[in-house]
Amino acid sequence: MERTSDVIVVGAGIVGSVLAYLLAHSGRSVRMLDRGLSGGEASGARAGLLTTVAEGSGKGPYLDLSVQGLAEMRTIIQQLEEETGIDCWLECHPLYRIATNEQERDMMFALYQERRQLGGQEEWLEPEQVRREQPLLSPRVTGAMRSPQEYHVTPGLLLKAVLQAARQRGVLVQENTAVTAFLTEGQRVIGVAAGMEHYYAEHVILANGAWSPELLKLVGIDLPVTPLRGQMLVVSLAGFALPCLINTARGYLVPKKDGRIVVGATQEHAGFAKEITVAGITHLLKVLSAVPALVQARIHDTFVGLRPMSSDGMPLIGPLPGWEGLHVATGHAQHGILLSGITGRMMTAYLNGEDPGELWRHFQVQRVLTCKAETEV
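All letters in the sequence shown, in the order written, are residues 1 to 377 by full-length UniProt numbering.
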């Protein structure tokens, strides 16, 4: 079996899979390795939100990245659907970001004013306006910011489409193949070992989320990325259709085409404990209380994923200092689907000797390695 390719992507979640697809689309030969099943970790435990407000981060590179990320993903999803015939359930709904007390109202109104100053299309609604537009919402709502349209996709369908399209373009996908070492020549990484098997490539990209730091320790790099546990529920209620996206201080509700509603998500620093907990379910039931009728909903499923969170909360995209041929694409936290396309575009451009764009410099790896080194001095 031929074990040499232009690029090895480690991790077959949504970030790695979209990256592999885009690299193959550009003419690169790609091998993608995953220690488990494709999408078996955080990618499968998501609501698929493609919202562009980076959760209070305001004006800056992260907001710009999320706006570009949405545009990229809409293009990529259309392309994937045309190539594979798989409907990814890309949907658009109004989004109500609701407050249920005065403190939340003040914070939400400040975010609304900031968004309007940036040219956003959001509108502010007083409680009586909220009740008039969405009578299904809790009477405890003290105000809301409404976005006229926000997108979401169904992660399982998206992952199925991108993996099929990647394979159609020649990507070799190997599941249950855990990388155990890097193959090196001096300060250059020339491939990886998976047990007794060796795979060679000009470039190795770690897109294995919260597990990236574990591998990087093998080459003396301490990458500040930790797992952020997210627990989720999937519910439905006969005869009930949620007509909008809802975001609260605790989480969100996302309606899907089949009538089910995804309720998420906890954000817990619990190490690698991938468990559904009583505390997590209790938290999600409080999110669900934003729509009182859903107290009678049927629980269809629960999910849990470990999202990779960097030390400054922003993605890490690009080469690793000190090692030629070694790169990462991680740290996307709960925005992996939204940012997978723009991450893939940037990395593909960089590896092909093209300009990844000015925005890319804000997300390169050395910023967190430098900060960490300065902190430890």
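For glycine and all other residues, C-beta sits at the position ideal for the given N, C-alpha and C. Quick caveat, the model's predicted, so the values are computed rather than measured.
| query | result |
| --- | --- |
| Thr184 - DSSP class collapsed to helix/strand/coil | strand |
| Beta-carbon gap between Leu237 and Ala297 smaller than 8 Å | yes |
| Buried/exposed call for Ala279, threshold 16 Cβ in 10 Å | exposed |
| Buried or exposed (CB count within 10 angstroms, at least 16 for buried), Phe272 | exposed |
| Alpha carbon of Val141 to alpha carbon of Pro321, nearest angstrom | 49 Å |
| Local conformation of Phe303 per DSSP, three classes | strand |
| Val10 beta carbon less than 8 Å from that of Ala165 | no |
| Reduced DSSP secondary structure (H/G/I, E/B, other) of Gly318 | strand |
| Trp124 (DSSP reduced to helix, strand or coil) | strand |
| Meets three-Cβ-pair contact criterion under 8 Å: the stretch 103 to 115 and the stretch 176 to 192 | no |
| Nearest-angstrom beta carbon gap, Val368 and Val328 [assumed within contact, 8 Å] | About 11 Å separates the two Cβ atoms, so there is no contact after all. |
| Rounded C-alpha distance that separates Pro356 from Ala71 | 16 Å |
| Buried versus exposed, by CB contacts within 10 Å (16 or more), Glu82 | exposed |
| Nearest-angstrom Cα separation, counted from Leu233 out to Phe303 | 6 Å |
| Touching by the beta-carbon criterion (3+ pairs, under 8 Å), the stretch 14 to 33 and the stretch 330 to 341 | yes |
| Buried or exposed (CB count within 10 angstroms, at least 16 for buried), Cys88 | buried |
| Paired residues, beta bridge with Leu90 - DSSP | Partner(s): none; Leu90 has no beta bridge. |
| Straight-line Cα distance separating His362 from Gly170 | 32 Å |
| Rounded C-alpha distance that separates Ser5 from His93 | 42 Å |
| C-alpha gap between Met107 and Leu95, whole angstroms | 17 Å |
| Local conformation of Gln134 per DSSP, three classes | coil |
| Exposed unless 16 or more other CB atoms sit within 10 angstroms - verdict on Val295 | exposed |
| Three-state secondary structure (DSSP) of Val365 | coil |
| Limits of the alpha helix (DSSP H) - the one that Ala166 falls within | 155 to 168 |
| Contact check, Leu159 vs Gly39, beta carbons under 8 Å | yes |
| Whole-angstrom distance between Gly325 and Pro319, CA atom to CA atom | 7 Å |
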